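Residue numbers (my numbering), protein chains in the order written: chain Y, 15 to 124; chain P, 7 to 126. Glycine included, every Cβ here is placed at the ideal spot set by N, Cα and C. Keep in mind the model is a prediction, meaning the values are calculated, not measured. Written out below as structure tokens is the structure these notes cover.
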Amino acid sequence: SQQGEEDPQALSIQEGENATMNCSYKTSINNLQWYRQNSGRGLVHLILIRSNEREKHSGRLRVTLDTSKKSSSLLITASRAADTASYFCATERYDYKLSFGAGTTVTVRA
Amino acid sequence: EAGVVQSPRYKIIEKKQPVAFWCNPISGHNTLYWYRQNLGQGPELLIRYENEEAVDDSQLPKDRFSAERLKGVDSTLKIQPAELGDSAVYLCASSLPFRLAGDLSYNEQFFGPGTRLTVL
Numbered sequence: 015s016q017q018g019e020e021d022p023q024a025l026s027i028q029e030g031e032n033a034t035m036n037c038s039y040k041t042s043i044n045n046l047q048w049y050r051q052n053s054g055r056g057l058v059h060l061i062l063i064r065s066n067e068r069e070k071h072s073g074r075l076r077v078t079l080d081t082s083k084k085s086s087s088l089l090i091t092a093s094r095a096a097d098t099a100s101y102f103c104a105t106e107r108y109d110y111k112l113s114f115g116a117g118t119t120v121t122v123r124a
Numbered sequence: 007e008a009g010v011v012q013s014p015r016y017k018i019i020e021k022k023q024p025v026a027f028w029c030n031p032i033s034g035h036n037t038l039y040w041y042r043q044n045l046g047q048g049p050e051l052l053i054r055y056e057n058e059e060a061v062d063d064s065q066l067p068k069d070r071f072s073a074e075r076l077k078g079v080d081s082t083l084k085i086q087p088a089e090l091g092d093s094a095v096y097l098c099a100s101s102l103p104f105r106l107a108g109d110l111s112y113n114e115q116f117f118g119p120g121t122r123l124t125v126l
């Protein structure tokens, strides 16, 4: 069973716009991670936010975490065609097990 | 540095046939994972190895699935016999031992490109 649920399932935006996707989870976590998967490729780790952090930035990525609501958001600013991919949130429990959501498919139109 | 290597990249078999997937982790990564990713879903853990020991195989369907990591380096995942519902992408990942950061630790997993299995 999958711990996280991403919303929306799919997102289509114009190049240069921002893309926001959300993740909700059910149990207590050690950290939450976001991964990107290009079509037919493996997953690439993007960013990690620990359970005692509320916001984190990495380049054009901004992640927030609200442990009281058991939710996280990933913002991609100034999107590019190369950002077209599926994005997955993954929660790591205190037993170090990683559980992935079903993902958000992002399409960036030129 | 080479990433996680998996082979084959694609495999098409008929149901009831056996199939095997191979994974070579990043050098020095003693933790190895096998995941299954169904279409439109995120990966789900099948088995985790610490060196040659399977420390979590609770999600591995043991009636038809088996895995081994004999020398604690590369690993093989086998399905025998395959069923239609086994069609999926099988991902291998590896990581270093858990790193400590203050009182919280995490492990970053590096994924291979996966093997896409189609069972006809």
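Item, Value
"Let me know if residue 92/P comes out buried or exposed under the rule of 16 or more other beta-carbons within 10 Å of its beta-carbon.", "buried"
"Report yes if the C-beta distance between residue 117/P and residue 56/Y is below 9 Å; otherwise report no.", "yes"
"Is it buried or exposed, residue 18/P, if we count other Cβ atoms within 10 angstroms and call 16 or more buried?", "exposed"
"Just the Cα atoms here: how many angstroms apart are residue 28/P and residue 43/P?", "16 Å"
"Return the CA-CA distance between residue 77/P and residue 49/P, expressed in angstroms with no decimal places.", "26 Å"
"Could you have a look at residue 63/P and say whether DSSP puts it in helix, strand or coil?", "coil"
"Determine the DSSP secondary structure at residue 109/Y, reduced to helix, strand or coil.", "coil"
"Taking any Cβ of chain P, which residues in the stretch 81-115 of chain Y have a Cβ under 7 Å from it, in chain order?", "102, 106, 110, 111, 112, 114, 115"
"Using a Cβ cut-off of 9 Å (strictly closer), state whether residue 73/Y contacts chain P.", "no"
"How long is the line joining the alpha carbons of residue 91/Y and residue 68/P, rounded to whole angstroms?", "45 Å"
"Look at residue 2/P and residue 121/P and say whether their C-beta atoms are less than 9 Å apart.", "Only positions 7 to 126 of chain P appear in the structure, and residue 2/P is not among them; the question remains open."
"Would you kindly work out how many angstroms separate the C-alpha atoms of residue 70/Y and residue 41/P, rounded to a whole number?", "28 Å"
"Rounded to whole angstroms, what's the CA-CA distance from residue 53/Y to residue 119/P? Just pull it up for me.", "10 Å"
"Between 62/Y, 24/Y, 123/Y, which has its C-alpha nearest residue 75/Y's C-alpha?", "62/Y"
"Relative to chain P, which residues along the stretch 54-73 of chain Y have a C-beta separation below 8 Å, given in chain order?", "54, 55, 56, 57, 58, 59, 62, 64, 65, 66"
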